[in-house]
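So the sequence lines, in the order shown, correspond to chains A and B. Count along the first sequence from 1, add 10, and you get the number used in the working numbering. Count along the second sequence from 1, add 10, and you get the number used in the working numbering.
Number of protein chains: 2
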Amino acid sequence: MKLMDIFARMKGDLNVIESELAKSVTSDHALLTETSMHLLKAGGKRIRPVIVLLSGKFGHYNLDVMKWVAVPLELIHMASLVHDDVIDDAETRRGQLTVKSKWDNRIAMYTGDFIHGKALTVATQLENPRIHQILSKAMVEMCIGEMEQIRDFFNTEQSIRRYLLRIRRKTALLIAISCQLGAIAAEVGEKEANQLYRYGYNVGMTFQIRDDLLDLCGTAKQIGKPPGSDIRQGNMTLPVLLALQEPAIREPLLREIDRIRESDGTADTSEAIRLIRGSRGIQQSEQLAERYIKKALAALEGLPDIPAKKSLRDIAHFVNKRNY
Amino acid sequence: MKLMDIFARMKGDLNVIESELAKSVTSDHALLTETSMHLLKAGGKRIRPVIVLLSGKFGHYNLDVMKWVAVPLELIHMASLVHDDVIDDAETRRGQLTVKSKWDNRIAMYTGDFIHGKALTVATQLENPRIHQILSKAMVEMCIGEMEQIRDFFNTEQSIRRYLLRIRRKTALLIAISCQLGAIAAEVGEKEANQLYRYGYNVGMTFQIRDDLLDLCGTAKQIGKPPGSDIRQGNMTLPVLLALQEPAIREPLLREIDRIRESDGTADTSEAIRLIRGSRGIQQSEQLAERYIKKALAALEGLPDIPAKKSLRDIAHFVNKRNY
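Structure, rendered in structure tokens:
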């Protein structure tokens, strides 16, 4: 698999990031260190640090500088996951117990706050005010995205545009600024930094659409948790909204969604999933994911032909891969 | 009352801060704006902005600069309150419904995250990297303080030192950096800035000890919520720990605390409160509060005799006032 090759080639630098991640969440408070390390060890692809480092390759790449943006971006992502698990009442993530289930909601909330704070503390190693502006704004936008999701739970009348705006804030923005901050840390020229930002934004959009598809089309093993958890929670994702536009599907699907809502998340979602899978919503979502990936690849055009460019292309294809 | 005079004298500047606070939490997300404004309107003494502004008076005071630190400090305080209310399962604060009770825990959590993010965004208006370092480190320390409190719930064997370290992180630090950042924003000399920091730290320690006393000695009206909520939650405050050192009180008080713990916070706390009030713990706590205030006042010595110095002194006396 190509992604493994990218990781293999960057192994030395990624090991440094990994140990900096561990160092950054180690405090003299044993429990916080334990919960944070539990999160760290639960894994994740570290796609954000990888993207930071690859973006830095277009400028003056110095790992001792790059790490001060690569680490905060992964930490912000981790903090958002631990808070999401509280909201979603999730028992497992990636097949591992969540902090809220291994400990409790209170501990998960403060672990998230702690990691957020640590992310910003690490970033202050670089005395570039733009970096702090971009990071803190992204944190705010991510919160707004999460709140928009809560607001729109079970809202079957929301527009596709509203969905896209939400995932932009919730997911795409953090990947976009991973590119941007990687570029800034390596003093990449402004034009190229903007191209990298656009690449990251479009990859992020595809990433979330694919993730939403996975929750409907994957198996429990592929997803790491039972399928249909989005719809159970009320999160109306792109395939659902598109399926609802289909006259033959709309009425039975609305009835299923109503039933799920009324059951307070305990109802069986298999009939709703069957309806959505049988609609054109799946294929149309895949097409939209495809469109974003094309834009991501187009954004890379004109950048110097260094190995990192090929790696970013490979990552785009990987993110757009059917993972179900 | 002297404090009112200080506020009256600073009214114009505090109005600017108040409107900047409102502006800072106004986003294009209606619900987040609503929850944040609910928090803002629930009041609070704005003691942190007042202290920021007064500290700035010892240097080149420019409100257009000062506001970029005064606002974040109040926001960080607000964010910590909204997350505390989730943890404490508090229905009211200062006699007003909390965000978690008016809306729900999820919304309270993201409101806190949002306000945290906004605090840092506002601070990035000043391009001084030290400010971001101090702010983000304080956020981390505050989290550790909150986690230490959870860890030590119903721990009747903890030392007084452990209590003091906890309230230092939980409360005193934010007031200390209010002084420090006010001084930095006004380019106060390093020696004076350190003196102001020490003033803030000691005022903060007294502030928390007095707050802990209030929860045991105040009426529901004075506290804004039912008395004994600390002990009900398992928070072993200074008067409790000191009362436990008294041979005649120790055994009956331990039995009461056990009963409260086993009742999962539903037991009547009046007997425990009666025992503590009858112990020397109250007076000894008051003496310690007194000692911190003396240190706070001593820290001001040698600073130029401007009106702000007298105001800081008055604030110290106000914080140390018996509020029950």
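Every residue, glycine too, gets a C-beta built ideally from N, C-alpha and C.
The alpha-carbon separation between serine 188 of chain A and glutamate 156 of chain B amounts to approximately 31 angstroms. Ranked by Cα distance from threonine 166 of chain B, the first of B:Gln205, B:Glu266, B:Asp324 is B:Glu266.
Against glycine 244 of chain B, chain A offers no close residue; the least beta-carbon distance is about 12 angstroms (beta-carbon pairs closer than 8 angstroms).
Methionine 14 of chain B is classed as exposed because its beta carbon has fewer than 16 other beta carbons within 10 Å across all chains shown.
Taking the CA atoms as reference points, alanine 52 of chain A sits about 21 angstroms from aspartate 240 of chain A. Per DSSP, lysine 51 of chain B is one residue of the alpha helix (DSSP H) stretching across 40-51. Listed by position along chain A, the residues whose Cβ is nearer than 7 angstroms to that of threonine 134 of chain B are Pro139, His142, Gln143, Ser146. By the rule that beta-carbons nearer than 8 angstroms mark a contact, serine 188 of chain B does not touch chain A. Approximately 4 angstroms separates the beta-carbon atoms of glycine 192 of chain B and valine 62 of chain B; this is inside 8 angstroms, confirming the contact. The three-state reading of DSSP puts leucine 63 of chain B in helix, counting H, G and I together. Judged by DSSP in its simplified three-state form, glutamine 106 of chain B adopts strand. Between the alpha carbons of glutamine 159 of chain B and asparagine 245 of chain B lies a gap of roughly 7 angstroms. Per the coordinates, the alpha-carbon of phenylalanine 164 of chain A lies some 11 angstroms from the alpha-carbon of valine 250 of chain A. In this structure glutamine 243 of chain A is buried. Its beta-carbon is surrounded by 16 or more other beta-carbon atoms within 10 angstroms.
Contact check for proline 237 of chain A against leucine 254 of chain A fails: the beta carbons are separated by 8 angstroms or more.
Arginine 103 of chain B places its beta carbon 8 angstroms or farther from that of isoleucine 185 of chain B. A Cβ of chain A is located within less than 8 angstroms of the beta carbon of arginine 161 of chain B.
With a cutoff of 8 angstroms on beta-carbon distance, leucine 31 of chain B and glutamate 101 of chain B are scored as not near each other.
Looking at B:Ile303, B:Leu285, B:Asp278, the one whose alpha-carbon comes closest to that of leucine 264 of chain B is B:Leu285.
Each residue's CA atom was taken as its position, placing methionine 119 of chain B and aspartate 315 of chain A some 45 angstroms apart. If you check the CB distance, leucine 50 of chain B and valine 35 of chain B come in under 8 angstroms. Nearest CB-CB separation between tyrosine 120 of chain B and chain A: below the 8 angstroms threshold.
For leucine 264 of chain A, no chain B residue has a C-beta closer than 7 angstroms to its own C-beta; the minimum C-beta separation is roughly 25 angstroms.
By the rule that beta-carbons nearer than 8 angstroms mark a contact, threonine 131 of chain A touches chain B. In terms of Cβ geometry, threonine 43 of chain B and serine 37 of chain B form a close pair [threshold 8 angstroms]. The segment 182-210 of chain A is shown to contain whole alpha helix (DSSP H) runs of 4 or more residues at 183-195, in chain order. Using beta-carbon distances, glycine 127 of chain A counts as an interface residue toward chain B, with a partner under 8 angstroms. In the DSSP annotation of this structure, the continuous segment of the alpha helix (DSSP H) that includes glutamate 300 of chain B starts and ends at 291-310.
One alpha carbon belongs to glutamate 256 of chain B, the other to serine 289 of chain B, and they sit about 7 angstroms apart. Chain order gives no chain B residues near glutamate 311 of chain A, where near means a beta carbon separation below 8 angstroms; the closest approach is about 33 angstroms. Among the residues facing chain A, leucine 42 of chain B is included, as its CB has a counterpart in that chain under 8 angstroms away. Within chain A, Phe124, Gly127, Lys128, Thr131 have C-beta atoms less than 7 angstroms from the C-beta of valine 150 of chain B, given in sequence order. Contacts between arginine 116 of chain B and chain A, judged by CB atoms closer than 7 angstroms, involve Ile97, Ile160 in chain order.
Around the beta carbon of lysine 67 of chain B, a 10 Å sphere encloses 16 or more other beta carbons of the protein chains shown; the residue is thus reported as buried. With fewer than three CB-CB distances shorter than 8 angstroms, the segment 170-182 of chain B does not count as touching the segment 110-119 of chain B.
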